[in-house]
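Chains as they are written, first to last, in the working numbering: chain A, 3 to 296; chain B, 7 to 337.
We treat Cβ as the ideally placed atom computed from N, Cα and C, and that holds for glycine.
Working notes, beginning with the structure itself.
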Amino acid sequence: MTALQEVAPREREGVRREALYFAVRNGKLVTGFAIVFALLLLGLVGPLFVDASPNEYGPQPMSPPGGEHWLGTTTFGQDIFAQFVHGLRSTFVVGVIGGGIAAVIGMIVGFVAGYLGGIVDEILNMLTNIILVIPTLAVLLVINAYLGIRSVLVQGVFIGLTQWPWAARAIRAQTFSLRTREFVDLARMSGSGTGRIIAREIAPNMSSYLFMTFILLFGGSVLIASSLDFIGLGPTEGVSLGLMLQNANQWSALQLGMWWWFVPPGAAITAIVGALYVANVGLDEVFNPKLRET
Amino acid sequence: MRRYFGRKLLIYGLTFFVAVTVNWMIPRFMPGDPVASMVARANVTRPEAVAAMQAYYNNLFGFDQPLWQQYLNFWAALFRGDFGLSIWLFPTPVADVITAAVPYTLGLIIPSVLLSWVVGNWFGAYAARRKLLDNTVLPIGYVLTATPYMWLAVLLAWGLGVLAGLFPVAGGYSFSLRPNWSWDFFLDLLHHWTLPFLSLFLVALGGWAIGMRNMIIYELESDYSTYLAALGAPARLIRRYAFRNAVLPQVTGLALQLGVIVAGALVTEIVFAYPGLGSLILNAIKNKDFFLLQGTFLFIVLGVLIANFIIDIVYVVVDPRTRAGMAGANA
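The structure is reproduced here in structure tokens:
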């Protein structure tokens, strides 16, 4: 998304302290992470304070936000706040699993292709390009439709398996520019193996880049998961923010004017993903001295 | 240039091959017995539909045949344009159902993609390195790209449709009208088209503006910009050069974003009950119409591949390096 530049290798301890110095002073980074952590906390702690289970039918259907039901209730009397806090959990789970798996595959493919080059690179690059072109959601639609029982975990795994190609490409390009550096040559001459060079010499020098890639993959996974849920291929048990939107749409919350049903889940997804993107720009500025505003 | 197109076509050909293979594999290698569970879950009341379904599944899966034979049969059916019969609209062929829906989806996607790309790039290029504008365009852009497509669609439908009553919120045209070539019908079509279009346009807009802004800043910091500035070239001229260079990654970006945009169009159509591919998919899932779902999948993949190829051609036109056979676009 953003134009990232390679980070020149420097002394590690100093870099870390310098990064921290700029990190706490970067408004974008602090605000972004603050929003994400606030919502994460709400998702972790919230369910402990809600008695109603999220899908339990209640006696007061269609009531607007108020004292008893903080965010109102659905057409079936389900407590929207309860759904919301549980839905936040699923959203973070999908993001971590989907983003995590995609990041790991992207890193393996990117590092190996970029470092080894030659025929391995050709094959992996071809594979990456092929999967890159196939529209992710379309594949996920077919897979999920055939899965009888769907869970948040499985959804995250499949999202991770389909979302890695752009990350692999980006990491490959970075690795490519690092592999001809002197310190890599030195490691090679002193007899280090491929795996060791990648893990000890190349990866640490682009750790900030890898972290930012993970953040973008996390945000992407959350958005894809919410689309899948909305189409009706969300988890068969439990709640998620996307499922809340789907239910609101399916039971005509729009026409009935029940805004409290569809505004909170969408706002939460937008807040999480948007905050992550903004934090990512902040991180970019922290790690890349050229972008810092003085 | 020949090499460039050859390579691209090879990748697209392989992609299509992989997509078809995946499409063939999923029902066969998923856990459980697909035929039994599909027939059971289909919940069709009409006995002729059940019989046709069983016959169709058995015929298509052809479990008595070896796997390679099944696979070849699958390809053969594909080349005949035979995607099976739709369960939902039994007994219409899936190919017919899809061709009826495609114009709506294309009519929504093509204008919104092109307009959001042009307007987004223009905004981004204009905002870069202009403090006041940058501080407004950037946050709005981030919020827009982070918005789930269906949520913005729901908000627009609620605000402009239900509350303000300016636009209809469901369907591709009024139920009182029959599709025909009259002026009334066209206006009605346009009226129903506005909100879904606006919602797709707005979400995509943010991403292009941010991307362009970042690219312009990058270009303005490069050596040639500094050199031009040192020569005393006017800022406008430098910006124009920067724009020409910055547009190239945006063209590639358009190709990369196609999948996301298509996904966005599908959910937007569902919100507005717009009679395109999105609504087809929703109905296919509701009615367990797997033929329709898989047919739509192949259709979307094919559409994205064709769009990619068109973008490749555009790239050759805008980037002279690819024409000269230099490695301008390995992407």
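query	result
Is Thr153/B close to chain A, meaning its C-beta is less than 7 Å from at least one C-beta of that chain?	yes
Since Tyr18/B meets chain A, which of its residues come closer than 8 Å, beta carbon to beta carbon?	Val135
Quick check on Thr347/A - is its C-beta less than 7 Å from some C-beta in chain B?	As shown, chain A starts at 3 and ends at 296. That puts residue 347/A outside it, with no answer to give.
So what does DSSP say about Asp325/B, is it helix, strand or coil?	coil
Any beta carbon of chain A sitting closer than 7 Å to that of Phe303/B?	yes
Can you tell me whether Ala215/B is buried or exposed, with buried defined as 16 or more other CB within 10 angstroms of its CB?	buried
Suppose contacts are defined by Cβ-Cβ distances below 7 Å. Is Pro61/A in contact with His88/A by that definition?	no
Mapping the DSSP letters down to three states, classify Asp88/B as helix, strand or coil.	coil
Starting from the Cα of Ala176/B, find the closest Cα among Val265/A, Leu256/A, Phe264/A, Ile161/A and give me that residue.	Leu256/A
Can you look up Pro66/A in the DSSP assignment and give me helix, strand or coil?	coil
For Ile312/B, count the other beta carbons within 10 Å of its own beta carbon; 16 or more makes it buried, fewer makes it exposed. Which is it?	exposed
Taking buried to mean at least 16 other C-beta atoms within 10 Å of its own C-beta, is Asn336/B buried or exposed?	Legend: pLDDT at Asn336/B = 46, less than 50; position of this residue unreliable, no value from coordinates given.
Inspect the beta-carbon positions of Leu180/A and Ala104/A and report whether they are closer than 7 Å.	no
Distance, Cα to Cα, Val322/B vs Pro53/B?	56 Å
Since Asn127/A and Ala115/A are thought to touch, with beta carbons under 8 Å apart, how far apart are those beta carbons, to the nearest angstrom?	6 Å
Which residues of chain B have a Cβ atom closer than 7 Å to the Cβ of Gln257/A, listed in chain order?	Val168
State yes or no: is the C-beta of Gly244/A within less than 7 Å of the C-beta of Gly236/A?	yes
Is it true that the CB of Ala169/A sits closer than 7 Å to the CB of Thr215/A?	yes
If you follow the alpha helix (DSSP H) that Arg13/B is in, where does it begin and where does it stop?	8-35
Helix, strand or coil: which one does DSSP assign to Asp81/A?	strand
Got a sec? Which residues, its chain only, sit under 8 Å from Leu91/B by beta carbon, not counting five neighbours each side?	Ala58, Tyr62, Pro97, Thr98, Pro99, Val100, Phe297
Measuring only between beta-carbons, confirm whether Phe264/A sits less than 7 Å from chain B.	yes
Ordered along the chain, which non-local residues of its own chain (more than five positions away) have a Cβ less than 8 Å from that of Ala10/A?	Because the pLDDT of Ala10/A is 49, which lies under 50, any placement of that residue in the model is unreliable, and the number read from its coordinates should be weighed accordingly. Nothing meets the Cβ criterion.
May I ask which residues mark the beginning and end of the alpha helix (DSSP H) holding Asp53/A?	Element bounds for Asp53/A: n/a, residue is neither H nor E.
Distance check for Thr177/A and Ser210/A, CA to CA, integer angstroms please.	13 Å
What number of angstroms, rounded off, separates the C-alpha of Ile32/B from the C-alpha of Ile145/A?	7 Å
Quick one: is Ile104/B near chain A, going by C-beta distance under 7 Å?	no
What whole-angstrom Cβ distance do Leu299/B and Ala147/A have, given they're in contact under 8 Å?	6 Å
Quick check on Tyr279/A: does DSSP put it in helix, strand or coil?	helix
Could you tell me whether the segment 260-273 of chain B touches the segment 152-162 of chain B, where touching means 3 or more Cβ pairs closer than 8 Å?	yes
What does Ser229/A touch in chain B if you count any residue whose Cβ is under 9 Å from its own?	Pro154, Tyr155, Met156, Ala269, Gly270, Leu272, Val273
If we call anything under 7 Å between Cβ atoms a contact, is Val24/B one with Ile132/A?	yes
Check whether chain B comes within 7 Å of Leu139/A, counting only Cβ atoms and requiring the distance to be less than that.	yes
Between Leu158/B and Gly126/B, what straight-line distance do the alpha-carbon atoms span, to the nearest angstrom?	17 Å
Which residues in chain A sit within 9 Å of Gly265/B, going by Cβ to Cβ distance?	Leu134, Val135, Ile136, Pro137, Thr138, Leu139, Ala140
Check whether the Cβ atoms of Val1/A and Gln85/A lie closer than 7 Å to each other.	For chain A, the structure presents residues 3 to 296; residue 1/A sits outside this window and is missing.
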